[in-house]
Amino acid sequence: MTDVQSASNRPSVYPGGAIERVVSCDLTFDVGEPADVALHIAAANGRVVRAERLDVTIDRRVLPAAIELATPHGGRLHLLRTPPGILSVSYRAELAAPPATAGQPAAAIRGGLPGLPGLEQLTYLRASRYCPSDHDVGFAVAEFGGLPPGRPQVEAITQWIHSRVGYVPGSTNVHSSADDALLTGQGVCRDFAHLGITLCRALQIPARFVAVYAPGLTPMDFHAVFEAWFDGAWWTYDATCRAPREGMVRIATGRDAADTAFVNVLRGIVALQSTEVTATVTGLLPIDDNLAPHRLC
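In short: position in the sequence shown from 1, add 2, done, that's the numbering used here.
Structure representation (structure tokens):
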């Protein structure tokens, strides 16, 4: 196994000594021909790291170290080139608590003129592949337009999705968009997040997709939530209400799931054979009322 180091030289020792989050991911692929693969499985920058390992083998032979690239909002993408065979990827990180300021707006993420969005917010106002917000303006305005803008609308959207959309494993696929969840009334976590993003954007609230490790999630897997911009900060919401937000660990952030997939095959033939994800916290899981504003580290 090899140590993984962030491009931003993240501290590697937590002075308090206690490990507060432990996350891991084990993936197995059948590589049919030489391939280039991009992995988005490492915890994003923002937390103190006590230990972190990335182990990559092909037919039990160690591959050269993956190349790490920085992605938006602290994400870390690992690129690797592999010959044919059985590719095994194992990632594990032990993480301390987020900074004490994580629950407060930060001047560094403010942008734009008073009353006008900055470039980052404009990016997450636009319709995207899985979040065609331009299709749903009429519905969003009719359902939520009478509420004060910002937090009241986001909370109402989250409650509406939780009560009206059923969490049904296997009900959607990689081609399903927010409109499919809206029309069928069912989906999985990525669909709940896509629908939240779509309805926020339709009301001119910037919103973005976040892939996370989620301690307490059952069954355990990669999880998806959304963030909405109001009151000068990005606030995290999870309409599935299946895991406490305070325990979550950010992996990747983007316009929708197309920007945050845990694996992308850039070249070659690669078939995913198995996935095993774990995420735990030290002590008891935090209690989450699911609507109180929360900022994900």
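C-beta: ideal position from N, C-alpha, C; glycine also.
Just so it is clear, the structure is predicted and the values come from calculations on it, not from any experiment.
Proximity below 8 Å, CB of residue i to CB of residue j
| i | j | result |
| --- | --- | --- |
| Met250 | Val279 | no |
| Cys299 | Arg203 | no |
| Asp258 | Phe224 | no |
| Phe232 | His42 | no |
| Ala46 | His75 | yes |
| Ala95 | Val50 | no |
| Glu229 | Thr220 | no |
| Asp136 | Ala129 | yes |
Backbone CA spacing between residue i and residue j [nearest angstrom]
| i | j | result |
| --- | --- | --- |
| Glu54 | Ser92 | 11 Å |
| Thr200 | Arg62 | 43 Å |
| Ile253 | Phe146 | 30 Å |
| Leu82 | Pro36 | 11 Å |
| Leu186 | Val167 | Position check: residue 186 holds Thr in this sequence, whereas Leu was assumed. If I take the Cα positions, the gap works out to 8 Å. |
| Ala142 | Ser173 | 24 Å |
| Ala110 | Val33 | Low local confidence applies: a pLDDT of 39 at Ala110 is under 50, so the model's placement there is unreliable, with the coordinate-based value given in what follows. About 43 Å. |
| Leu309 | Glu22 | What the structure shows of the chain is the stretch from 3 to 299, and residue 309 is not part of that stretch, so it cannot be assessed. |
| Thr160 | Thr84 | 42 Å |
| Thr277 | Thr30 | 7 Å |
| Pro107 | Arg297 | Any answer about Pro107 is weak, because its pLDDT of 48 lies below 50 and its placement is not dependable; what the coordinates show is given next. Answer to the nearest angstrom: the Cα atoms are 8 Å apart. |
| Val176 | Asn266 | 13 Å |
| Gly140 | Leu89 | 47 Å |
| Pro119 | Ala183 | 28 Å |
| Leu274 | Leu149 | 45 Å |
| Pro151 | Ser178 | 28 Å |
| Asp291 | Leu121 | 32 Å |
| Val156 | Leu97 | 30 Å |
| Met222 | Cys27 | 11 Å |
| Leu124 | Arg153 | 18 Å |
| Ile310 | Ala158 | Coverage of the chain is limited to positions 3 through 299, which leaves residue 310 absent and any answer about it impossible. |
| Thr284 | Arg78 | 25 Å |
| Gly48 | His196 | 24 Å |
| His164 | Arg52 | 36 Å |
| Glu248 | Ala235 | 16 Å |
| Leu171 | Ala67 | Going by the sequence as given, residue 171 is Pro instead of Leu. Distance between the alpha carbons of Pro171 and Ala67: 35 Å. |
| Asp138 | Thr73 | 29 Å |
| Trp162 | Ala213 | 22 Å |
| Gln188 | Cys243 | 15 Å |
Expected contact under 8 Å - CB spacing of residue i and residue j to nearest Å
| i | j | result |
| --- | --- | --- |
| Gly87 | Ile60 | 5 Å |
| Ala281 | Pro217 | 4 Å |
| Val272 | Val58 | The pair is not a contact, with the Cβ atoms about 13 Å apart (cut-off 8 Å). |
| Val190 | Tyr169 | 7 Å |
| His80 | Leu56 | 7 Å |
| Ala241 | Gly198 | 6 Å |
| Ala180 | Asp193 | 7 Å |
| Gln206 | Leu127 | 7 Å |
| Thr262 | Gly256 | 5 Å |
| Arg131 | Ala260 | 5 Å |
According to DSSP, residues forming a beta bridge with residue i
| i | result |
| --- | --- |
| Cys27 | Tyr93, Val279 |
| Glu229 | Arg210, Thr238 |
| Leu274 | Phe31 |
| Thr255 | Val212 |
| Tyr169 | Gly189 |
| Thr174 | In the DSSP output, where bridge partners are listed per residue, Thr174 has none listed. |
| His80 | Leu41, Glu70 |
| Asp291 | For Asp291, which the question treats as bridged, DSSP gives no partner whatsoever. |
| Val50 | DSSP, once it has assigned bridges, lists no residue as partnering Val50. |
| Asp261 | Beta-bridge pairing links Asp261 to no other residue. |
| Gly87 | Val33 |
| Ile60 | Arg63, Leu89 |
C-beta neighbour in chain B for residue i, strict 8 Å
| i | result |
| --- | --- |
| Gly168 | Included in the structure is just one protein chain, with no chain B present. |
_Segments assigned beta strand (DSSP E), at least 3 residues, entirely inside the region 129 to 164_ = none
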